[in-house]
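Participant:
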């Protein structure tokens, strides 16, 4: 049981940046962004290839984040090309823009990595370095503690940003695009910035996961979006959405709960590790359908 | 004749669904000239092109031909968000003018930054918060008591009052009102209309108000325009307008348009 909790916390916090990124696009920007599956691998691949070439792991992680942000910018630019004339609530161009970027990223990621798998077996992770620095042996729980500190820092930065003049405009963009445009905001620019932030966060998860598991793999992004959505929805349902500050916390906690559920699922005898994606899809389906089913039950 | 906000539209043409059987000439060479400080009411039957005119001025879509000028600035090619620096707008749907999940004060803060660069400074600074409170109390709706409530919790009338405040808080050169009281119940509509007159008069805003309601069009503003088939077919101002009555307006419509009134709705109101 303690093992499951430790894994849940560790994985949940590693993936909390992905969940924040998915929350940012789906909820704040009202932009269901499918770039995620590709930008996660881009973050992991860029970080891994730089580390194996002797670049400091901190710098490599940062470059990975910037690469992910660039992927978000590309999706935003494609969206501008495709959306002309369609209404603000037409999700078609948004979905296609993300699909195109993710598809292109598959090839780009292979170019970046040079092969489909980049091992990091003898490289120290960011956390090992931090552990050395403060002379702490990085056990699973001390890793969790380190991740928690980083996650809270990221959350505080997002809290601050969302309440700046620009951040408020970004929140309003997802809420009522016509209105914020009629207040003189260049919605294209704000949306691209939002997509960059979101995919930068996703790439951060990619970079950290690569360091923690010891390799970057071309297939590691598959289903990332659905997994991120799982964290978002579980967080919102379990911990509530009182305010934007609170909901950021909710989805991060949701990420942990989600990973604990996955860890529990994998302990069941007849479930194989390769069933993970099926399990993921079912978990997200249950979380998505719960409000609908509950309201039907209440009505009848 | 002092102040800013002279709007000039020259030969504006807007065709929708070009080249299809559904082709509509929503604006058919429309021209109008508003002096700074004019409060123009626009009436016309359904499909006359009233909303298209407001959208064309605001820049929701580009026009096919013609020019649009605000004072000495040509707007014709400008994107919507740049025109919005000098144009405030209230829509018919009370939900259209506000962001529902943000608070009342956050919405107003967004509006105070109309046309300004939005940076990384705190949105709701202490000074903005105080100013928001003062502005809200002028609405007389008690919103200043709960500036942190989400806008989604407000009634249609409250949301429209807030939209009106948001559209006018930076004193834009031009205010566009697109049947902004049509979706409200009569009592609330009257309140919002009084508030509108109050703000427009106090701030001396150049205003273009579209309405379906002839009484309203006659009782408000200093100038009335009637639209038909994408053009302005009647333009009365000053004393001519104040002496005009609803039956006369209907008669004039027949005279100028030379056909029966297209919309019963216009007669009924």
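Protein chains in written order, with this note's numbering: chain U, 1 to 300; chain Y, 1 to 269.
Ideal Cβ positions, reconstructed from N, Cα and C, are used throughout, including at glycine.
Look at the Cβ atom of residue 160 (chain Y), then the Cβ atom of residue 199 (chain Y), and state whether they are nearer than 8 Å.
Facilitator: No.
Participant: What's the C-alpha gap between residue 77 (chain Y) and residue 201 (chain Y)?
Facilitator: So the two alpha carbons sit approximately 31 Å from each other.
Participant: Would residue 66 (chain Y) pass as a contact of residue 12 (chain Y) if the rule is Cβ separation under 8 Å?
Facilitator: In this structure, residue 12 (chain Y) lies closer than 8 Å to residue 66 (chain Y) by Cβ.
Participant: Quick check: what's the CA-CA separation for residue 179 (chain U) versus residue 108 (chain U)?
Facilitator: Distance between the alpha carbons of residue 179 (chain U) and residue 108 (chain U): 37 Å.
Participant: Is residue 79 (chain U) close to chain Y? Criterion is C-beta to C-beta, closer than 8 Å.
Facilitator: No, residue 79 (chain U) does not count as interfacial toward chain Y.
Participant: With a threshold of 8 Å between beta-carbons, can residue 97 (chain Y) be considered close to chain A, or not?
Facilitator: Considering every chain present, this structure includes no chain A. Its protein chains are U and Y.
Participant: Quick check: residue 67 (chain U) and residue 42 (chain U), are their CB atoms within less than 8 Å of each other?
Facilitator: Yes, the pair counts as a contact, with Cβ atoms nearer than the cut-off.
Participant: Flag residue 190 (chain Y) as yes if its beta-carbon sits less than 8 Å from any beta-carbon of chain U, otherwise no.
Facilitator: No, no contact with chain U.
Participant: Could you tell me which of Y:133, Y:28 and Y:190 sits nearest to residue 219 (chain Y), measuring between CA atoms?
Facilitator: That would be Y:190, whose Cα lies nearest to the Cα of residue 219 (chain Y).
Participant: Within the segment 37-106 of chain Y, note down every full alpha helix (DSSP H) run reaching 4 residues or more, in order along the chain.
Facilitator: Segments of the alpha helix (DSSP H) lying fully in the segment 37-106 of chain Y: 50-58 and 80-83.
Participant: Chain U beta carbons: is any one of them nearer than 8 Å to that of residue 78 (chain Y)?
Facilitator: No, residue 78 (chain Y) does not count as interfacial toward chain U.
Participant: Between residue 51 (chain Y) and residue 210 (chain Y), is the Cβ-Cβ spacing less than 8 Å?
Facilitator: It is a contact, given that the beta carbons lie within the stated cut-off.
Participant: Roughly how many whole angstroms lie between the Cα atoms of residue 124 (chain U) and residue 30 (chain U)?
Facilitator: Using only the alpha carbons, I get a separation of about 38 Å.
Participant: Between which two residues does the beta strand (DSSP E) carrying residue 13 (chain Y) extend?
Facilitator: First-last of the beta strand (DSSP E) with residue 13 (chain Y): 7-16.
Participant: Return the bridge partner residues of residue 117 (chain U) from the DSSP annotation.
Facilitator: Residue 117 (chain U) pairs with U:217.
Participant: Any heavy atom of the ligand FMN closer than 7 Å to the Cβ of residue 234 (chain Y)?
Facilitator: In the structure on display, the ligand FMN does not appear, and there are no ligands present to speak of.
Participant: Any idea what DSSP makes of residue 277 (chain Y), helix, strand or coil?
Facilitator: As displayed, chain Y neither begins before 1 nor continues past 269, which places residue 277 (chain Y) out of reach and without an answer.
Participant: State the CB to CB distance for the pair residue 247 (chain U) and residue 241 (chain U), rounded to an integer number of angstroms; the pair is presumed to be in contact (CB under 8 Å).
Facilitator: That belief holds up - the Cβ atoms of residue 247 (chain U) and residue 241 (chain U) are roughly 5 Å apart, short of 8 Å.
Participant: In whole angstroms, what is the alpha-carbon distance linking residue 319 (chain U) and residue 149 (chain Y)?
Facilitator: With chain U running from 1 to 300 in the structure shown, residue 319 (chain U) is simply not present.
Participant: Of all the CB atoms in chain U, is at least one closer than 8 Å to the CB of residue 122 (chain Y)?
Facilitator: Chain U, which has a Cβ nearer than 8 Å to the Cβ of residue 122 (chain Y), makes this yes.
Participant: Hey, does residue 242 (chain U) have any beta-carbon neighbour from chain Y nearer than 8 Å?
Facilitator: No, residue 242 (chain U) does not count as interfacial toward chain Y.
Participant: Residues in the same chain with beta-carbon distance under 6 Å from residue 76 (chain U), minus the five sequence neighbours each way, listed in chain order, please.
Facilitator: Excluding sequence neighbours, residue 76 (chain U) sits near 191, 192 and 195.
Participant: Does the Cβ-Cβ distance between residue 252 (chain Y) and residue 224 (chain Y) come in under 8 Å?
Facilitator: No, these two residues do not count as a Cβ contact at 8 Å.
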